[in-house]
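Note that the protein sequences, when read in sequence, are chains A and B. Take the first sequence: its position 114, counted from the start at 1, is 114 in the working numbering, and no numbers get skipped. Take the second sequence: its position 92, counted from the start at 1, is 207 in the working numbering, and no numbers get skipped.
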Amino acid sequence: DSGVTQTPKHLITATGQRVTLRCSPRSGDLSVYWYQQSLDQGLQFLIQYYNGEERAKGNILERFSAQQFPDLHSELNLSSLELGDSALYFCASSVEVLADTGELFFGEGSRLTVL
Amino acid sequence: GEDVEQSLFLSVREGDSSVINCTYTDSSSTYLYWYKQEPGAGLQLLTYIFSNMDMKQDQRLTVLLNKKDKHLSLRIADTQTGDSAIYFCAESIETGRRALTFGSGTRLQVQP
């Protein structure tokens, strides 16, 4: 158990819809990362938040947005869903202190299926 | 830019050694990592190596780093069926951006 909690574990929805994925980081971790894992694209970095502020952006579509709340949990919002958005979405957290190894702790993922 | 490449599949017999290879492009990588993903689970850190090291050994795992060729490998000695999983290499650069860049993953299948 990594200590990172993601909900829901599975989600099935239709094209054009909007969903919200939720992540609770490990206790004490200030950084949250979102990754998308699909069969043809591998593991793609979407976005990182640190203590409530956006820190880095990866290959995140404009239809997607995220935020990190004062209690450090994070939400990833996916809107105007397309078939190609079907994937496993991982949240990870890290300590982010100087001289740490940069290890990320991953949740078990939220599997999104868009029909 | 950052790019990490791995072969997609490796099959070995139980008891043999497995070697999973990875190439990366960013010479400023500070840490390089190997993560393991078991079916239905998230990624879990197996081991990491700091960029000023050539080799790191941790029980059955040996990591070799060739900075000149930007090549990283993971050797698993005495591979067991429980080692069947997807293995990802990843790199991190210390420019204030700590997100890891992952390879596409190598699926290791261990035949009994």
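Beta carbons: idealized from backbone N, C-alpha and C, even for Gly.
Buried versus exposed, by CB contacts within 10 Å (16 or more), residue i
i                : result
Pro8 (chain A)   : exposed
Pro154 (chain B) : exposed
Lys57 (chain A)  : exposed
Asn178 (chain B) : The displayed chain sequence assigns Val, not Asn, to residue 178 (chain B). Label assigned to Val178 (chain B): buried.
Val134 (chain B) : exposed
Ile12 (chain A)  : exposed
Arg55 (chain A)  : buried
Gly130 (chain B) : exposed
Arg128 (chain B) : exposed
Asp184 (chain B) : exposed
Glu82 (chain A)  : exposed
Leu123 (chain B) : exposed
Ala200 (chain B) : buried
Ser118 (chain A) : Because residue 118 (chain A) is not part of the residues shown, which for chain A are 1 to 115, the question remains open.
Gln41 (chain A)  : exposed
Thr196 (chain B) : exposed
For residue i, the nearest candidate out of the options (CA to CA)
i                : options                               : result
Asn51 (chain A)  : A:Ser27, A:Phe69 and A:Gly102         : A:Phe69
Gln67 (chain A)  : A:Asp29, A:Leu76, A:Leu81 and A:His10 : A:Leu76
Cys23 (chain A)  : A:Arg111, A:Phe90 and A:Thr15         : A:Phe90
Gln121 (chain B) : B:Glu129, B:Ser132 and B:Tyr139       : B:Tyr139
Ala214 (chain B) : A:Asn59, A:Ser27 and A:Gly3           : A:Asn59
Val95 (chain A)  : A:Arg18, A:Tyr33 and A:Thr5           : A:Tyr33
Ser132 (chain B) : B:Arg175, B:Gly157 and B:Tyr150       : B:Arg175
Leu160 (chain B) : B:Leu223, B:Ser126 and B:Cys204       : B:Cys204
Pro227 (chain B) : B:Phe217, B:Asn181 and B:Asp198       : B:Asp198
Ala87 (chain A)  : A:Leu78, A:Gly102 and A:Gln37         : A:Gln37
Leu125 (chain B) : B:Thr216, B:Ile191 and B:Ser207       : B:Ile191
Thr5 (chain A)   : A:Leu83, A:Leu46, A:Ser27 and A:Gly84 : A:Ser27
Ala156 (chain B) : B:Cys137, B:Lys171 and B:Tyr202       : B:Tyr202
Ser143 (chain B) : B:Thr216, B:Thr196 and B:Gln152       : B:Thr216
Ser74 (chain A)  : A:Gln48, A:Leu61, A:Glu62 and A:Ser80 : A:Gln48
Asp173 (chain B) : B:Trp149, B:Thr196 and B:Leu158       : B:Trp149
Asp169 (chain B) : B:Asn136, B:Lys182 and B:Cys137       : B:Lys182
Leu30 (chain A)  : A:His10, A:Ala92 and A:Leu61          : A:Ala92
Gly16 (chain A)  : A:Asp40, A:Leu78 and A:Thr101         : A:Leu78
Whole-angstrom C-beta distance between residue j and residue i, which should lie under 8 Å
i                : j                : result
Leu187 (chain B) : Ser166 (chain B) : The Cβ separation is near 10 Å, so there is no contact.
Gly220 (chain B) : Val119 (chain B) : About 10 Å separates the two Cβ atoms, so there is no contact after all.
Phe64 (chain A)  : Leu46 (chain A)  : 7 Å
Leu112 (chain A) : Val19 (chain A)  : 7 Å
Ser116 (chain A) : Gly107 (chain A) : An answer regarding residue 116 (chain A) cannot be provided, because it is not within the stretch 1 to 115 covered by chain A.
Along the stretch 152-175 of chain B, where does the CB come closer than 9 Å to a CB of chain A? Name the residues. Gln152, Gly155, Ala156, Gly157, Leu158, Gln159, Leu160, Tyr163 and Phe165
Short-range partners of chain A found in the stretch 196-209 of chain B, where Cβ spacing is below 7 Å: Phe203 and Ser207
Please list the segments of the alpha helix (DSSP H) lying wholly inside the stretch 6-70 of chain A, counting only runs of 4 or more residues, in order along the chain. none
Can you pull out the residues from the stretch 177-196 of chain B whose beta carbon lies closer than 8 Å to at least one beta carbon of chain A? none
Whole beta strand (DSSP E) runs in the stretch 158-188 of chain B with 3 or more residues, listed along the chain? 158-165, 170-173 and 176-181
When you check each C-beta in the stretch 73-90 of chain A against every C-beta of chain B, which residues fall closer than 7 Å? Phe90
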